[in-house]
Amino acid sequence: MVTLKGLAVRDNNLEGELPATITSLRNLQYLALSDNNFTGTIPPDLGKGLNLTVVSLGHNSFSGELPQSLCDGLKLQNFTAHRNNFSGRLPSCLKNCTALLRVLLEGNQFTGDISEVFGVHPNLEYLDVSGNQLTGNLSSSDWSQCTNLTRLHMNDNRISGNIHETFCGLTSLQDLDLSNNQLTGELPNCWWEFKLMVAMDLSKNRFSGELPISTSLGLKLQSLGLANNNFLGVFPSVIETCRSLVILDLGNNMFLGDIPSWVGTSVPLLTVLSLPSNNFSGVVPPELSQLSNLQVMDLSNNSFSGELHMDMPNHNCSLESFHIAGNGFMGAFPPFLQGCISLSTLDIGNNQFFGGIPTWIGSQLPSLKILRLRSNNFTGEIPTDLSSLLQLQLLDMANNSLTGSIPVAFGNLNSMRHNLPPSVQPIPVLTGTSHLYTRRAVNKLFRKASG
């Protein structure tokens with residue numbers, strides 16, 4: 001076995017610890033142990049004096065630190081150790097492994113400075129270190145040497161500081177996820193020069209200032225997440241150049257002003273429009289009715305006013321979640337929602353809607369699970385027809401001017417019996433849900449592209 005160059009036992013049900021004798025395989029170049037039930041630590045001398053090109057340890061229950069000698073031969077090309085219980089610092093020799101093509105280390109407890117391990121990798125195509133405890137920053141100019149990098153996931157770590165303008169040198173990037181870190185400052189002026197970018201998520205950081213202006217005639221972006229930062233300024237003009245955009249999440253920032261009417265025409269494929277907890281104001285443009293693929297719309301907790309003049313063409317309504325709570329909307333119950341048969345969450349609470357609650361809700365919105373009408377000016381009796389909403393789990397009509405009695409037929413709302421919420425509190429804004437929606441959609445997109 002001394003002459004063995006490759007050991008591949010992936011996708012089995014093997015268990016136990018890796019024997020220390022594996023280090024005696026002096027000609028080993030290919031080691032694939034992923035998708036098993038291995039436990040324990042990796043022998044500390046693994047890789048010492050070897051020219052390993054592939055090391056695959058992912059989806060096991062390994063623990064402890066990775067051997068610092070793992071990439072001694074500097075030939076390593078594919079290194080995966082994702083979804084284990086590894087901890088400690090990453091092997092410093094990775095910095096000099098310029099042959100690296102693919103590195104997957106997500107879902108562990110690695111620590112240390114990210115910039116001390118990665119950056120100078122001209123051949124690197126895919127790097128995922130998400131879901132660890134890595135620190136450091138992205139201010140080094142080394143990153144500009146990763147010109148072949150297409151997917152970069154560093155989300156859910158403790159990376160901080162500003163992003164250096166040389167980061168824009170990653171011209172091959174298609175999928176960038178830096179969400180849930182501690183990044184600060186304004187984005188560099190060159191930010192929209194990522195002409196191949198399909199998915200970008202910068203949410204849950206501390207970015208600030210106005211977004212840079214784009215000089216590009218058209219971006220390929222299909223998913224853009226900027227939620228939970230301190231961005232400010234008017235609705236980003238760069239969106240108008242993103243004809244393929246499917247998901248847009250700007251929630252929990254300090255954007256202000258109107259929603260431009262071009263949103264309804266320039267981004268025709270939009271499926272998720274999430275703008276909660278900003279300072280947007282004015283009337284919602286009726287052109288949004290032209291977004292025939294729209295499934296999630298969240299305008300809650302802004303300063304919008306006036307009536308909603310949206311009319312779905314030919315009753316072509318794809319809405320599944322509609323959140324406009326905490327604004328100054330007025331008028332009757334939005335009539336354009338009639339026929340939105342896929343609508344499961346409807347929250348129009350804390351506005352100035354008035355008049356009766358339509359009886360057609362019970363027959364035209366059969367998928368409703370959450371109906372929140374609280375703190376408006378609705379009058380009249382509660383329609384008995386609402387008892388037809390057999391999937392309804394939460395009905396909140398508090399703080400209105402309703403009269404009469406609760407319909408006896410409400411006893412048929414069996415979904416409430418099995419799914420009672422702990423309390424009838426304001427429904428959280430969509431941002432967290434939108435983030436999950438975004439990542440699932442992006443993963444599906446890239447699986448399709450690589451399939």
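Mapped onto the UniProt record's numbering, the consecutive letters of the sequence shown carry residue numbers 1 to 451.
Where is the CB? At the ideal position from N, CA and C, for every residue including glycine.
Check                                                                                                                        : Outcome
Backbone secondary structure at L386 - three-state DSSP                                                                      : helix
G6 versus L124: straight-line alpha-carbon distance, rounded                                                                 : 23 Å
Proximity to L28 [Cα-Cα], best of G73, E65 and Q68                                                                           : G73
Cα-Cα separation, S214 to K95                                                                                                : 33 Å
Exposure label - residue 454; buried when at least 16 CB within 10 Å                                                         : Here the chain has residues from 1 to 451 only, and residue 454 is not among them.
Counted within 10 angstroms of its Cβ, other Cβ atoms place D311 as buried (16 or more) or exposed                           : exposed
Cα-Cα separation, G132 to I114                                                                                               : The question names Gly, but residue 132 in the sequence shown is Asn. Cα-Cα distance, rounded: 11 Å.
Alpha helix (DSSP H) segment containing G362, residue limits                                                                 : I361 to Q364
Exposed unless 16 or more other CB atoms sit within 10 angstroms - verdict on K195                                           : exposed
Cβ neighbours of L299 in the same chain (closer than 6 Å, five flanking residues each side left out)                         : L275 and I324
Close beta carbons around P422, own chain, < 6 Å, minus the five adjacent residues each side                                 : At P422, the pLDDT of 49 sits below 50, so the modelled position is not reliable; the number obtained from the coordinates is stated separately. Hits under 6 Å: none found.
E106 classed as buried or exposed, judged by whether at least 16 other C-beta atoms fall within 10 angstroms                 : buried
Simplified DSSP assignment, three categories, for N414                                                                       : helix
Sheet register partners of I370 (DSSP bridge)                                                                                : T345 and L394
G209 versus F235, G218 and N155, residue with shortest Cα-Cα distance                                                        : F235
Residues of its chain near residue 452, where Cβ-Cβ distance is below 6 Å and the 5 sequence neighbours each way are ignored : Residue 452 falls outside the range modelled here, since the chain spans only 1 to 451, and no answer is possible.
Simplified DSSP assignment, three categories, for S144                                                                       : helix
Nearest-angstrom Cα separation, counted from D249 out to V9                                                                  : 42 Å
Assigned secondary structure, V408 (DSSP; H/G/I helix, E/B strand, else coil)                                                : helix
CB contact flag (F353, M330, <8 Å)                                                                                           : yes
Counted within 10 angstroms of its Cβ, other Cβ atoms place L217 as buried (16 or more) or exposed                           : exposed
Rounded C-alpha distance that separates N180 from S405                                                                       : 47 Å
Burial state of L237 (16 or more Cβ within 10 Å)                                                                             : It should be pointed out that residue 237 corresponds to Ser in this sequence rather than to Leu. Label assigned to S237: exposed.
8 Å Cβ cutoff met for L76 and L52                                                                                            : yes
Candidates T241, N316, L226 and L319, of which the one nearest N278 by Cα                                                    : L226
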